[in-house]
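J.:
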Amino acid sequence: MDILINVFVGLHIIGIASLLGGFLTQMKVMGQGTARFVPAMLHGALTMLVTGVALAGLNQADGQTLNTVKLGVKLALLVVILALVYVKRDEEKVEKGAFAAVGLLTVANVFIAVLWT
12 MDILINVFVG LHIIGIASLL GGFLTQMKVM GQGTARFVPA MLHGALTMLV TGVALAGLNQ
72 ADGQTLNTVK LGVKLALLVV ILALVYVKRD EEKVEKGAFA AVGLLTVANV FIAVLWT
């Protein structure tokens, strides 16, 4: 079971890298007002959602205690990220505020995962 959990943790990290990497590649043009949500950002967020739910289930099945408040906060942030990216995925230009919100919420999600014990 540990190997399967670790595989999903790796996939979850790949999802985070895709979402955050897509954001970081658009930061330069964000200053010019031409940033857009690239497909990697949507796919990364969806990967995070699927692997996060799978990780919660696998850890529960393994008999580990889950911090449901932490998972709920992380899920809420991810739902907001997904909503923003999904709704505005076809727009040529995304407002700076919406684009920055996705980046900040992604970074917040990472720090919640790492620092919240």
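The numbering used here runs 11 ahead of the 1-based position in the sequence shown. All C-beta atoms, glycine included, are put in the ideal place defined by N, C-alpha and C.
(1) Which of the three DSSP states, helix, strand or coil, is assigned to Ala-46?
(2) Please determine, among Val-105, Ala-109, Val-90, the residue with the shortest C-alpha to C-alpha distance to Asn-120.
(3) Around the C-beta of Ala-87, are 16 or more other C-beta atoms found within 10 angstroms, so that it is buried, or is it exposed?
(4) Nearest to Val-61 by CA position, among Lys-85, Val-49, Phe-48, is which residue?
(5) With C-beta atoms as the reference, is Leu-8 less than 9 angstroms away from Ile-92?
(6) Under 9 angstroms between the Cβ atoms of Gly-55 and Leu-31?
(7) On a CA-only basis, which of Ala-65, Ala-111, Asp-73 is nearest Lys-39? Give me that one, please.
(8) Whole angstroms is fine: what's the gap from Ile-25's alpha carbon to Ala-51's?
(9) Reducing DSSP to helix, strand and coil, say where Lys-107 ends up.
(10) Taking 8 angstroms as the limit between beta carbons, can you name the residues of its chain near Ala-65, skipping five residues before and five after?
T.: With the given structure in hand:
(1) It is coil, neither helix nor strand.
(2) That would be Val-90, whose Cα lies nearest to the Cα of Asn-120.
(3) The residue in question, Ala-87, is exposed, as its Cβ has fewer than 16 Cβ neighbours within 10 Å.
(4) Comparing Cα positions, the closest option is Lys-85.
(5) No answer is possible for residue 8: it lies beyond the span of the chain, which begins at 12 and ends at 128.
(6) Closer than 9 angstroms, so yes.
(7) Of Ala-65, Ala-111, Asp-73, the residue nearest in Cα terms is Ala-111.
(8) So the alpha carbons of these two residues sit roughly 11 angstroms apart.
(9) Helix, per DSSP.
(10) Sequence-distant Cβ neighbours of Ala-65 in its own chain, meaning closer than 8 angstroms and more than five residues away, are Phe-19.
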